[in-house]
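Novice:
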Amino acid sequence: MRNKLMLAAIAVVTLVAALAFAMPQEGPEPGGPGGPGGRHGRMDFVAAFGDKLNLTDAQKAQIGGIQKASRDANAKFFETSRATMDEFRAARDANDTAKLDALKPTLDAQRAQMKQIRDAEMAKISTVLTADQRTQLDALRKERESHMREHRPHDE
Numbered sequence: 002m003r004n005k006l007m008l009a010a011i012a013v014v015t016l017v018a019a020l021a022f023a024m025p026q027e028g029p030e031p032g033g034p035g036g037p038g039g040r041h042g043r044m045d046f047v048a049a050f051g052d053k054l055n056l057t058d059a060q061k062a063q064i065g066g067i068q069k070a071s072r073d074a075n076a077k078f079f080e081t082s083r084a085t086m087d088e089f090r091a092a093r094d095a096n097d098t099a100k101l102d103a104l105k106p107t108l109d110a111q112r113a114q115m116k117q118i119r120d121a122e123m124a125k126i127s128t129v130l131t132a133d134q135r136t137q138l139d140a141l142r143k144e145r146e147s148h149m150r151e152h153r154p155h156d157e
C-alpha cells in the first residue's frame, strides 16, 4: 500500500512538472518589440497607440488590415532588406571596412524606401482616425521621436 501511494505521488509530481514545462511562456513575441529575434522588432500600431488613442474595435480591425496589406505587399523587399542588414552586421563584426563601404549605398536606399512605405502606411492609418486622434497621434509621435533622439547611440 505504501509503495502504491509513493508511486502515485511521484506520478503526480512528474505530470505537474511536465505540464509546467509545456505551458506557453509569457512575454513578448519573438521578433517583436522587447522580444527575442531582433534589436528593433516591428512595432504594431495598435499595440503602441491603441490604448492611448482609445481606438474602437472597428478602428483596430481596419488598422490591422492596413498593416497586413502593407506587410504582404512589401514582403519581398523586407526580406531583401533584412538580408542586407545581416550582411552589414557581419561585415561590421568582422571589421570589414571595404564590405561596409560597399553596402552603405544599398542600406541608404533601403532605408529611404522603408520610410516611404512607413509614410504611406501612416497616411492610410490616419484616414481611419478621428481629428482628435490624429492630433493626439502627432503629439505622441513627436514625443517618441524626441525620446529616441535622446537615447540614440552616437556611434552610428
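Residues are numbered in my numbering as their position in the sequence shown, beginning at 1, plus a constant of 1.
We put the beta carbon where it would ideally sit given N, CA and C, even for glycine.
1. Can you list, in chain order, the residues of its chain whose CB lies under 6 Å from that of Q60, leaving out five sequence neighbours each side?
2. Using 8 Å as the threshold, is the segment 75–92 in touch with the segment 106–126, meaning 3 or more CB pairs across them?
3. Going straight from the alpha carbon of P154 to that of A95, what length do you get?
4. Note down the Cα distance separating E122 from I67, rounded to an integer number of angstroms.
5. What is the rounded straight-line gap between the Cα of D139 and the Cα of M115?
6. Can you list, in chain order, the residues of its chain whose CB lies under 8 Å from that of T85, leaving out five sequence neighbours each side?
7. Specify the secondary structure class of L130 as computed by DSSP and reduced to three states.
Specialist: In short, the structure shows the following:
1. So the qualifying residues of the chain are V129.
2. The answer is yes - the segment 106–126 touches the segment 75–92, with three or more Cβ pairs under 8 Å.
3. If I take the Cα positions, the gap works out to 20 Å.
4. 7 Å
5. 20 Å
6. L104, T107, L108 and Q111
7. Three-state result, L130: coil.
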